[in-house]
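Participant:
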Amino acid sequence: MGRRLLLPHTRRLMLFLRPMRYSASATATATAGSLRDPLHVCVVGSGPAGFYTAEKMLKGREGVRVDIIDRLPTPFGLVRSGVAPDHPETKIVVNQFSRVAANPRCSFFGNVTLGSDLSLSELRKTYDVVVLAYGAESDRSFGIPGEDLRGIHSAREFVWWYNGHPDMCNLAPDLTNTDSAVVLGQGNVALDVARILLRCTTELASTDIADYALDALRSSTIRKVYLVGRRGPVQAACTAKELREILGLKNVNVYIKEADLATSPADKEEMRNSRIKRRVYELLSKAATVHQENNDNDRKELHFVFFRKPTKFLPSEDGSTVGAMELEKTLLKEMMEQLESRWQLELVSLKN
1 MGRRLLLPHT RRLMLFLRPM RYSASATATA TAGSLRDPLH VCVVGSGPAG FYTAEKMLKG
61 REGVRVDIID RLPTPFGLVR SGVAPDHPET KIVVNQFSRV AANPRCSFFG NVTLGSDLSL
121 SELRKTYDVV VLAYGAESDR SFGIPGEDLR GIHSAREFVW WYNGHPDMCN LAPDLTNTDS
181 AVVLGQGNVA LDVARILLRC TTELASTDIA DYALDALRSS TIRKVYLVGR RGPVQAACTA
241 KELREILGLK NVNVYIKEAD LATSPADKEE MRNSRIKRRV YELLSKAATV HQENNDNDRK
301 ELHFVFFRKP TKFLPSEDGS TVGAMELEKT LLKEMMEQLE SRWQLELVSL KN
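Sequential numbering of the sequence shown, starting at 1, is according to UniProt numbering.
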């Protein structure tokens, strides 16, 4: 059994300017033009935020020099370690970043860690401008019992593992002692994780997935993946493109409870106001009908579970590995208000 933590893909982007010196007779406020020329900029982080920042700097000011530093030996951040290996079209942006890196006024320095190899104060003394454009690398915890059991992994860990990130190359998730995996969340990253677990390994072999991950997936005994979400199908955070892809996997049956597809007036309003939400709901509804007729035992299974949230992870017989998960049924706020109103009406009628 596995777990996914829904991580916000936020980027930390902070700008530091070197303090400027004024002459005793200076009376006007300093402007950007007061900075020394040529301007020397340091960008910390070589992911999309870092390279887009460098590109804008190089285009926006003549003669500016930009140094990009990163704690990893290779650049491109999430494009390299976050994008699924079977989505090469998304990684095409690397070509744009490579052109930025090839600019003679741009330099990349890998294996440099801010805070240990050098400090922020040292950077500010060396450069006119320092931009912190590195991402959030910590996971959010649920704060529920059993979260520290073996076999529970965050999305960051698992995605970095199959993408060959050096921090997670030794993760070694156990994919051979169970037939089921649970992914908490129903956004695009959750769908990536589920798709990698269910996709035919012969198809994955033609991607740039890490060799050790491909070997592990070839030996995997996982036949069922459960995508669990706190809200309903209308609120699913995935895009129609990602959903269509996973619903179209070969030799995979999709299971969705008919009751979970019931919509409230608020759901219908959401769909009227959002073409994406409407399309996602339509795809899920169609999949629930199409796959009902497929009962081939050789096919893998993808289960969409709505209106559930985890309350506890339960250990297996060895006491240290996750064996099960306790789920609690949830209701959307509007549904709760409708039920409370109904209960109040019933109480009034009883009193009368």
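Each residue gets a CB set at the ideal place from its N, CA and C atoms; glycine is no exception.
Name the DSSP beta bridge partners of H40, please?
Facilitator: Stepping through the sequence shown from its first residue, residue 40 is reached at position 40. Paired residue(s): R65.
Participant: Of all the options F76, L39, P85 and E55, which has the alpha carbon lying nearest to the alpha carbon of A205?
Facilitator: The residue given as residue 205 occupies position 205 in the sequence shown. Cα-wise, what sits closest to A205 is P85.
Participant: Does DSSP classify A26 as helix, strand or coil?
Facilitator: Position 26 of the sequence shown, counting from 1, holds the residue named residue 26. Low per-residue confidence applies at A26: pLDDT is 33, beneath 50, and the placement is therefore not dependable, though the value from the model is reported in the following sentence. In this structure, DSSP gives A26 a state outside helix and strand, which the three-state scheme calls coil.
Participant: Secondary structure at I256, three-state DSSP: helix, strand or coil?
Facilitator: For the purposes of this step, residue 256 is taken as residue 256 along the sequence shown, with counting starting at 1. The answer is strand: DSSP assigns I256 an E or B state.
Participant: For F158, does the three-state DSSP call read helix, strand or coil?
Facilitator: The sequence position of residue 158 within the sequence shown is 158, counting from 1. It is helical.
Participant: Report the option in T289, S46, V129 and D215 whose CA atom is closest to the CA atom of G110.
Facilitator: Counting from 1 along the sequence shown, the entry for residue 110 is found at position 110. Ranking T289, S46, V129 and D215 by Cα distance to G110 puts S46 first.
Participant: Could you give the distance in angstroms between the alpha-carbon of E242 and the alpha-carbon of L191?
Facilitator: Here the question's residue 242 lines up with position 242 in the sequence shown. Here the question's residue 191 lines up with position 191 in the sequence shown. Approximately 7 Å, taken between the alpha carbons.
Participant: Could you give the first and the last residue of the continuous alpha helix (DSSP H) run that contains T202?
Facilitator: Taking the sequence shown and counting its residues from 1, the one referred to as residue 202 is at position 202. That run of the alpha helix (DSSP H) goes T201 to L204.
Participant: Specify whether the stretch 155–172 and the stretch 206–218 touch according to this definition: at least 3 beta carbon pairs, one from each stretch, less than 8 Å apart.
Facilitator: yes
Participant: So, S220 versus T176, is the Cβ gap smaller than 8 Å?
Facilitator: Counted from its first residue, the sequence shown places residue 220 at position 220. Counted from its first residue, the sequence shown places residue 176 at position 176. Contact flag set, yes.
Participant: Quick check on D139: buried or exposed, where buried means 16 or more other Cβ atoms within 10 Å of its Cβ?
Facilitator: As a first step, residue 139 is located in the sequence shown; it is residue number 139 there, counting from the start. The C-beta of D139 has fewer than 16 other C-beta atoms within 10 Å across all chains shown, which makes the residue exposed.
Participant: Taking the continuous beta strand (DSSP E) assigned at A288, which residues delimit it?
Facilitator: Position 288 of the sequence shown holds residue 288. Run containing A288: none in the beta strand (DSSP E); it sits in the alpha helix (DSSP H), R275 to V290.
Participant: Leaving out five residues on either side along the sequence, give the residues of the same chain with a beta carbon under 6 Å from the beta carbon of I246.
Facilitator: Walking along the sequence shown from the start, residue 246 turns up at place 246. Closer than 6 Å at the Cβ level, and outside the excluded window around I246, lie L191 and R195.
Participant: Can you find at least 3 beta carbon pairs, one from the stretch 100–117 and one from the stretch 41–60, that sit closer than 8 Å?
Facilitator: yes
Participant: What span of residues does the beta strand (DSSP E) with S141 cover, start to end?
Facilitator: Your numbering for residue 141 matches position 141 in the sequence shown. In the DSSP assignment, S141 falls outside any beta strand (DSSP E), carrying neither H nor E.
Participant: If I measure Cβ to Cβ from A237 and keep anything under 7 Å in the same chain, skipping five residues before and after, which residues do I get?
Facilitator: Here residue 237 refers to the residue found at position 237 of the sequence shown. Result list for A237: Q186 and G187, in chain order.
Participant: Please state whether the Cβ-Cβ distance between V322 and I152 is less than 8 Å.
Facilitator: Position 322 of the sequence shown, counted from the start, is the residue given in the question as residue 322. Position 152 of the sequence shown, counted from the start, is the residue given in the question as residue 152. Yes, they are a contact pair.
Participant: Smallest Cα separation from K309: which of L249, V182 and P166?
Facilitator: For this step, residue 309 is matched to residue 309 along the sequence shown. Per the Cα distances, V182.
Participant: Could you spell out the range, first to last residue, of the alpha helix (DSSP H) harbouring A213?
Facilitator: By one-based count along the sequence shown, residue 213 stands at place 213. Per DSSP, A213 is one residue of the alpha helix (DSSP H) stretching across D211 to R218.
Participant: How close, in whole Å, do the beta carbons of T113 and R71 come, if the pair is a contact with beta carbons under 8 Å?
Facilitator: In the sequence shown, residue 113 corresponds to position 113, counting from 1. In the sequence shown, residue 71 corresponds to position 71, counting from 1. Rounded, the Cβ-Cβ distance is 4 Å, consistent with contact.
Participant: Helix, strand or coil for F76? Go by DSSP, reduced to three states.
Facilitator: Mapped onto the sequence shown, residue 76 falls at position 76. It is coil, neither helix nor strand.
Participant: Leaving out five residues before and five after L214 in sequence, what residues of the same chain have Cβ atoms less than 7 Å from its Cβ?
Facilitator: Translated into positions along the sequence shown, residue 214 becomes position 214. Within the same chain, L214 has close Cβ partners T201, L204 and A205.
Participant: Per DSSP, E301 forms a beta bridge with which residues?
Facilitator: Residue mapping note: residue 301 aligns to position 301 of the sequence shown, counting from 1. In DSSP, E301 forms a bridge with K224 and N253.
Participant: Is the stretch 58–68 touching the stretch 77–97, taking contact as three or more C-beta pairs under 8 Å?
Facilitator: no
Participant: Sorted by chain position, which residues of the same chain lie with C-beta nearer than 7 Å to I276's C-beta, five sequence neighbours on each side aside?
Facilitator: Locating residue 276 in the sequence shown gives position 276, counting from the first residue. Cβ neighbours of I276 beyond the five flanking positions: T239 and A240.
Participant: Once the 5 residues before and after R21 are set aside, which same chain residues still bring their CB inside 8 Å of it?
Facilitator: In the sequence shown, the residue the question calls residue 21 occupies position 21. Only weak support exists for where R21 lies, its pLDDT of 38 falling under 50; the value from the coordinates is given anyway. The beta carbon of R21 is closer than 8 Å to none in its chain, skipping five residues each way along the sequence.
Participant: Within a Cβ cutoff of 7 Å, which residues of the same chain sit near L198, ignoring the five residues on either side of it in sequence?
Facilitator: Translated into positions along the sequence shown, residue 198 becomes position 198. Taken in chain order, the residues that qualify are V225, L249, V252, K300 and L302.
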